[in-house]
Amino acid sequence: MSADSLERLAGAGKGDSTRTMLRVIILLLVAGAAVSSRLFSVIRFESIIHEFDPWFNFRATKYLVANGFYKFWDWFDDRTWHPLGRVTGGTLYPGLMVTSGVIYHALRALSIPVDIRNVCVLLAPAFSGLTAYAAYLLTNEMTPSSSAGLLAAIFMGIAPGYISRSVAGSYDNEAIAIFLLVFTFYLWIKALKLGSMLWGALCALFYGYMVASWGGYAFITCLLPLHAFVLICMGRYSTRLYVSYTTWYALGTLASMQIPFVGFLPVKTSEHMPALGIFGFLQLLAFLDYVRSAIPSRQFQTFLWVFAGSIFGVGLIGLVVATSAGYIAPWSGRFYSLWDTGYAKIHIPIIASVSEHQPTAWPAFFFDLNMLIWLLPAGVYLCYQKLADEHVFVIVYALFGSYFAGVMVRLMLTLTPVVCVAAAIALSTILNTYLKAKSPVPEEHMVDESTDGASKKAAKSGLKASSKPFIGIYATFSKVTIVGAMTAYLLLFVAHCTWVTSNAYSSPSVVLASRMPDGSQHIIDDYREAYQWLRQNTKEDAKIMSWWDYGYQIGGMADRPTLVDNNTWNNTHIATVGKAMASREEVSYPIMRQHEVDYILVVFGGLLGYSGDDINKFLWMVRIAEGIWPDEVKEREFFTPRGEYRVDAGATDTMKNSLMYKMSYHNYNNLFPPGQAQDRVRGVRLPDDGGPVLNSIEEAFTSENWIIRIYKVKDLDNLGRDHASASAFERGLKKKKVIKKKGPRVLRVD
Amino acid sequence: MKTSVVFSAFLSLLSLASTGSAHGHHHHHHGTSKAAAAPVTVKPPQVFKNVNLVHIVSLEKNYVKESINVVIENIDKEAQSDYLVPFTNEQLSLLGGLEVRDRKNAESGPFVVEPMEIESFGPNQYVRIRLPTPLAPGAQQTLGITYYLLNAYKPLPASIKQEDQQFLSYSFSAYCPSVYITSKQKTEVKFASTNIPDYTKLPGSGDVKEFPQKQGSKLVYGPFDEKPAGALKPVQVRFEFNKPVIHVSKLERDIEVSHWGGNVAFEERYDMEHRGANLTSLFNRVKWQQQQYYNPVTHALKEMKFPLRVGSADPYYTDVIGNVSTSRFRSNKREALLEIKPRYPLFGGWKYPFTIGWNSDAKNFLRKTATGGFVLNVPFLEGPKQPEGVEYEQVVVRLILPEGAENVKWTTGIPKSSISEAGVQIHKTFLDTIGRTALIIKGRNLVDDFRDRDLTVTYDYPMSAVLRKPLVVFSSSMAVFVSLWLLSLVNLKFTSKK
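Chains as they are written, first to last, in UniProt numbering: chain D, 1 to 750; chain S, 1 to 498.
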């Protein structure tokens, strides 16, 4: 080996192109780590769509792929919300489906035979790789050191807060929306820094894509104006801000209005008003700027006050009038619940009944972000030190984001990117400081300072923060300790992320896993067993009534029309189903007849100890029904006089006579020796009275572990009797039949 | 050539008989074509006599297997080679796997059998059996005719309780339908169990007082004395069949050969249903669980076993909503057994479509010939091996050969009469440019008795075709890189670089 090549080896990592090469390799590895850490569920179970909402997205994607874009756009779905139907094309965010559709068709065009299900399952992991790259770009705008960007990329790649919504199979809007969110922010910063219309237009383009993908776009719609507003308040109005903001707002709003579901909301609802207000405000500032350059300063003062005051007054009056006249919709319920966490519980039980709308518990922050959460303040502090326009953005985003993450569990997702960016800035500063192998030479520094005396004085007379003290670490021990500690934290972080992803976020929830006594994995597949049964053995248009949680799954897996589903747009309809479930058979039967219900599906976990069953959700059904029919359904009647929610012998009569109770426990006690029937979820013994009797419906199917029970709604009695007497008669007859001996069958020969 | 001469002679005989018919007729003279003459009412020529006939109706499985062993005699003055067998229109649509062999000469292959599509020939359709050598006047020959009838049972009662026993009924003629005089015949009916509660009784003859005679799980009608041509005696039997009546309305079987991977991939998609008695009241899980414990014999389908070729690997079992976890695969040097359970027990009237697939090393099926071509030898049909049997209404075998394979020829042990269509198509997948050669063979009305029949395909696969894909992939990715590089040279900025 020649000395030349040795030198080259030693110099590796110093040359520009070598660094670029290294960066590319590291980013590819980060993307690889981000993708592979999301594949737990595919490896453990299978390539399957998870949970509830993704099943709708999957079904919509299949519809798009099968029928083309225009049909999809005009899709009226008569298989949901029977008998209302749903204008699906106009009430969804099409970004996700269109993205999958484009990928699917592109791969097909290259004649790579790919299943649309696999495209959908792997879309979220694939986009997480892109998100990591976007985080790299965004962080690079904050600090000159690209190591911060790389750290941000890996944080973004494996932070559980983001993984929670983007594991393979979690085919939800967030799968692509977080990438779009981060990338839009990157483009915004770029546009703002350069004052470039091109970057502003790009930002608007991706904002449009974001609007097409996720309802959370409102976060951008509020954050960018807020950033602009803070900058203006700091006296940092500039033509750069003007150009980038107005370009983004004008083009972005037009783009967002192309989505039928959004339509005129950007000019009509309160959520979008800040963006419009700042847009107007910027026009005023630009105008004032022009006036100031044209007229003398004293006149300008008067002009300014009068002008600003009148504009503000007119604007405020206009807003109030428009709101009261109904041109601008007041804040929606979901937004109220962002300010007052108790709001939904009192006024909108349907929002409160969704677990992801609950306020975040403190441990969740550590669970989802681990050490990043305590690096966040450090990163924000460092941003204060530099405080350029882009650092203001990080600060604003961090404050805004952490508030919302505290209010709603789901919004942890929007906080995660800024946490990753800030933590990366903090950590890279620490590492940059402590990783320098060479100790600084104090004399050099002193000389530097003395020769630079004039500037030093100027610095001293200025703000304290702007006089930068000399930073340097001398002791090798402290270097080793700090770097060692940081490495340990990073390793712990990786271990934590892997553990959380593997244990908390990788269950498809359609399929349950349990262990056999010998340690082998046993799959409990009751959901799909029942859905497949429905799909194969009922009429194509048999209407299924179930609680709304299972609507999307029934639509996706059983392919049968449902009454209500997870797109909870019609509270009354949901309350109708709740009432049917919570009432006595005689009340429920007419409701089911009116809605042409053929089958009813309930989830019952009593045998297996599966706690997410309908009896545990039952109170929500009662509450939602009570909201509409307070005289007919009363929550109080489901509690015992002592205020207990019981299903055993002590249950109230209302409870025992409710359709839900009867369907859950029908025939259940026959599975046990007399008097031994046990509900393993509630941990109670059931009364030994022969179990609930059903008259107007009959058992049609029960899955292997009893998780899903399906009942068929009986037709009207042939003899015009009511169902109770008809089935009582039948029961009586059956007893006689047993005694009566039948003669031998004679075959008719013709 | 001789058969063709006889054939046209027969046709002209027919057309002579139909003097009143205004229809013109034309016919082709090569052996495989179908006759299109249209006589009105005519009896087939009485050139044969059935000297002795044994008709065995086997109802042991969920399809009917009938075999007719008959000694025929030419009673005409000329040598004859066309023996006709009548079927009703309904039977013909259910008929499959018709094969005729010489009982005395097991070595000779199956005879040529073809339907005669004669329009208004009464309620019957005829199938013509061509004797390989024409039978001389007065000479005798023993034919073994076997065929299967799918979908032939009716559950009686049509709906039963979950824990009840299932009974099926079947109607047929105690006299074997024939277009010729039958001197002596008997019909044996075999059942899966001895429980045969109902059957039509006929007055006996000779020393037998009453037909049928019951011998264990067998009923024997006959022997009967001479019956004229076309004599029928409808009878019905009703018997216990406490097993699932599995009917596969469509089986799509893909066999994909990869030379690069050295692999043959199989995938089978079943449209399966249970055609037995429906449930009177819907499914009751408690009863089912108790029944499983006390009396596991049931008419519901619980499990299927697929004995695959030894060396099969990576099996999968899915349905339309994903993987089904209730399967087991045992593979060792002696067997490769895939055991699958449907998601739910399959009762009468219920459906369960599913997909299974597996891989196998190409050298188990593929060999190279001396001339450089390839010979692929795969089973035409695999499918589950069930004690109660499986019937297939429609089977589509799609054999996907490598891209550029040509000169495809095939033969199969499946009776010709059950092959409805065959052809070569193009199938595009995995970065193909011209697409792969796909041989598609459609069969109808098959049963699992044909599991061991092979499909042999020969084809050529030139070296240029072998190298096509790597070259195409390499050159197209090079083209992408070069065009990207060229694009990077284009200056899109307004200002020139400083």
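Beta carbons: idealized from backbone N, C-alpha and C, even for Gly.
For a test of the three-state rule: what should DSSP assign to H259/S, helix, strand or coil?
Taking the first residue of the second sequence as 1, we reach residue 259/S at position 259. Coil, per DSSP.
Taking only runs that begin and end inside the segment 169-250 of chain S, name each unbroken alpha helix (DSSP H) of 4 or more residues, in chain order.
none
Indicate whether at least one CB of chain S lies closer than 8 angstroms to the CB of S507/D.
Translated into positions along the first sequence, residue 507/D becomes position 507. Taking Cβ atoms only, chain S never reaches closer than 8 angstroms to S507/D, which makes this a no.
Review point. Can R623/D and P349/D be called in contact, C-beta distance under 8 angstroms?
Key: One-based indexing of the first sequence puts residue 623/D at position 623. One-based indexing of the first sequence puts residue 349/D at position 349. Against a cut-off of 8 angstroms, the Cβ pair of P349/D and R623/D comes out as a contact.
task = Helix, strand or coil for K341/S, going by three-state DSSP, please let me know.
result = On the second sequence, position 341 is the one that residue 341/S refers to. Residue state, collapsed to three classes: coil.
*If the cut is a Cβ gap below 7 angstroms, which residues of chain D does I321/S touch?*
Counting from 1 along the second sequence, the entry for residue 321/S is found at position 321. Going along chain D in sequence order, the residues near I321/S (Cβ under 7 angstroms) are R528, Y531, Q532, M557.
* Could you have a look at H105/D and say whether DSSP puts it in helix, strand or coil? => If you number the first sequence from 1, residue 105/D lands on position 105. In the structure shown, H105/D sits in a helix (DSSP, three-state: H, G or I).
### Nearest-angstrom Cα separation, counted from K662/D out to K656/D
One-based indexing of the first sequence puts residue 656/D at position 656. One-based indexing of the first sequence puts residue 662/D at position 662. Between K656/D and K662/D, the C-alpha separation is close to 7 angstroms.
| message | Going by the DSSP bridge assignment, what does M478/S pair with across the sheet? | response | Residue mapping note: residue 478/S aligns to position 478 of the second sequence, counting from 1. In DSSP, M478/S forms no bridge with anything.
### Query
Between the segment 92-103 of chain S and the segment 188-202 of chain S, do at least 3 Cβ pairs fall closer than 8 angstroms?
no
- Classify Y474/D as helix, strand or coil using the three-state DSSP reduction. Reading the first sequence from its first residue, position 474 is the one you call residue 474/D. In this structure, DSSP gives Y474/D a state outside helix and strand, which the three-state scheme calls coil.
| For A109/D and F474/S, the rounded distance between their alpha carbons | Locating residue 474/S in the second sequence gives position 474, where the first residue counts as 1. Locating residue 109/D in the first sequence gives position 109, where the first residue counts as 1. Taking the straight line joining both Cα atoms gives about 18 angstroms.
(Q) Which residue wins for smallest C-alpha separation from I232/D, given the options P266/D, T61/D, D389/D, G89/D? (A) The residue labelled residue 232/D in the question sits at position 232 within the first sequence. Ranking the options by Cα distance to I232/D, first place goes to D389/D.
message: Would you say V286/S lies against chain D (beta-carbon separation less than 8 angstroms)?
response: Residue mapping note: residue 286/S aligns to position 286 of the second sequence, counting from 1. Yes, V286/S lies at the interface with chain D (some Cβ there is under 8 angstroms from its Cβ).
Inspect the beta-carbon positions of I340/S and T355/S and report whether they are closer than 8 angstroms. In the second sequence, the residue the question calls residue 340/S occupies position 340. In the second sequence, the residue the question calls residue 355/S occupies position 355. Not a contact, by the Cβ cut-off of 8 angstroms.
### Message
Please report the distance separating the alpha-carbon of H29/S from that of R130/S.
### Response
The count along the second sequence starts at 1 and reaches residue 29/S at position 29. The count along the second sequence starts at 1 and reaches residue 130/S at position 130. Annotation note: pLDDT 41 at H29/S (below 50); position unreliable, coordinate value reported separately. Whole-angstrom Cα-Cα distance: 15 angstroms.
Exercise. May I ask you to list, following chain order, the residues of the segment 105-122 of chain D that have a beta carbon less than 9 angstroms from some beta carbon of chain S?
Key: L110, S111, I112, P113, R117
Beta-carbon gap between R451/S and E393/S smaller than 8 angstroms:
Translated into positions along the second sequence, residue 451/S becomes position 451. Translated into positions along the second sequence, residue 393/S becomes position 393. Not in contact: R451/S and E393/S (Cβ atoms no closer than 8 angstroms).
I'd like to know whether the C-beta of T702/D is nearer than 8 angstroms to at least one C-beta of chain S. Stepping through the first sequence from its first residue, residue 702/D is reached at position 702. In terms of beta-carbon proximity, T702/D lines the interface with chain S, with at least one pair separated by less than 8 angstroms.
* To do: Check the DSSP bridge columns for H274/S and list the partner residues they point to.
  => Position 274 of the second sequence, counting from 1, holds the residue named residue 274/S. Paired residue(s): I246/S.
message = According to DSSP, simplified to helix, strand and coil, what is K469/S?
response = As a first step, residue 469/S is located in the second sequence; it is residue number 469 there, counting from the start. Three-state result, K469/S: helix.
task: Take M545/D as the anchor and find which of I600/D, T80/D, H50/D has the nearest alpha-carbon.
output: Position 545 of the first sequence, counted from the start, is the residue given in the question as residue 545/D. If we check each option's Cα against that of M545/D, I600/D comes out closest.
- Could you tell me how far apart the beta carbons of F56/D and G555/D are, in whole angstroms, since I believe they sit closer than 8 angstroms? Residue numbering aside, residue 56/D sits at position 56 when the first sequence is read from its first letter. Residue numbering aside, residue 555/D sits at position 555 when the first sequence is read from its first letter. At roughly 7 angstroms, the Cβ-Cβ gap stays under 8 angstroms, so F56/D and G555/D are in contact.
Practice prompt. Can you give me the start and stop residues for the beta strand (DSSP E) that H391/D sits inside?
Written response: As a position in the first sequence, residue 391/D is number 391, starting the count at 1. Annotation for H391/D: no beta strand (DSSP E) segment contains it, though the alpha helix (DSSP H) segment containing it runs 389-407.
Checklist entry - Using a Cβ-Cβ distance under 8 angstroms, would D525/D count as near chain S? => result The count along the first sequence starts at 1 and reaches residue 525/D at position 525. Yes, contact with chain S.
- Taking all protein chains shown into account, do 16 or more other C-beta atoms lie within 10 angstroms of the C-beta of Q553/D, making it buried, or fewer, making it exposed? One-based indexing of the first sequence puts residue 553/D at position 553. Q553/D is buried by the Cβ-count criterion.
Which residues does DSSP pair with G423/S in a beta bridge?
Position 423 of the second sequence, counted from the first residue, corresponds to residue 423/S. Partner(s): I440/S.
- Message: With a threshold of 8 angstroms between beta carbons, is K714/D in contact with chain S?
- Response: In the first sequence, residue 714/D corresponds to position 714, counting from 1. No, its Cβ sits nowhere closer than 8 angstroms to a Cβ of chain S.
Requested in this report: Return the residue from the list V354/D, I154/D, V121/D, D653/D that minimises the CA-CA distance to L130/D.
Outcome: Against the first sequence, residue 130/D aligns to sequence position 130. Per the Cα distances, I154/D.
- Item | D53/D, buried or exposed, once every other Cβ within 10 Å from all chains shown has been counted against 16 | For the purposes of this step, residue 53/D is taken as residue 53 along the first sequence, with counting starting at 1. The residue is buried, with at least 16 neighbouring Cβ atoms inside 10 Å.
> Just the Cα atoms here: how many angstroms apart are H227/D and P359/D?
Replying inline: Your numbering for residue 227/D matches position 227 in the first sequence. Your numbering for residue 359/D matches position 359 in the first sequence. Cα to Cα, the separation comes out at about 26 angstroms.
Requested in this report: Determine, using beta carbons only, whether A229/S and S178/S come nearer to each other than 8 angstroms.
Outcome: Taking the second sequence and counting its residues from 1, one reaches residue 229/S at position 229. Taking the second sequence and counting its residues from 1, one reaches residue 178/S at position 178. Yes.
Rounded to whole angstroms, what is the Cα-Cα separation between N332/S and E356/D?
Taking the second sequence and counting its residues from 1, one reaches residue 332/S at position 332. Taking the first sequence and counting its residues from 1, one reaches residue 356/D at position 356. Answer to the nearest angstrom: the Cα atoms are 49 angstroms apart.
Segments assigned alpha helix (DSSP H), at least 4 residues, entirely inside the segment 204-284 of chain D
If one requires a minimum length of 4 residues, the alpha helix (DSSP H) runs lying completely within the segment 204-284 of chain D are 217-233, 239-256, 265-268, in chain order.
Under 8 angstroms between the Cβ atoms of V262/D and S256/D? Taking the first sequence and counting its residues from 1, the one referred to as residue 262/D is at position 262. Taking the first sequence and counting its residues from 1, the one referred to as residue 256/D is at position 256. Yes.
Which residue wins for smallest C-alpha separation from V385/S, given the options V397/S, F172/S, R275/S, R309/S?
As a first step, residue 385/S is located in the second sequence; it is residue number 385 there, counting from the start. Here residue 385/S turns out to be Lys, not Val, going by the sequence shown. The shortest Cα separation from K385/S among V397/S, F172/S, R275/S, R309/S belongs to R309/S.
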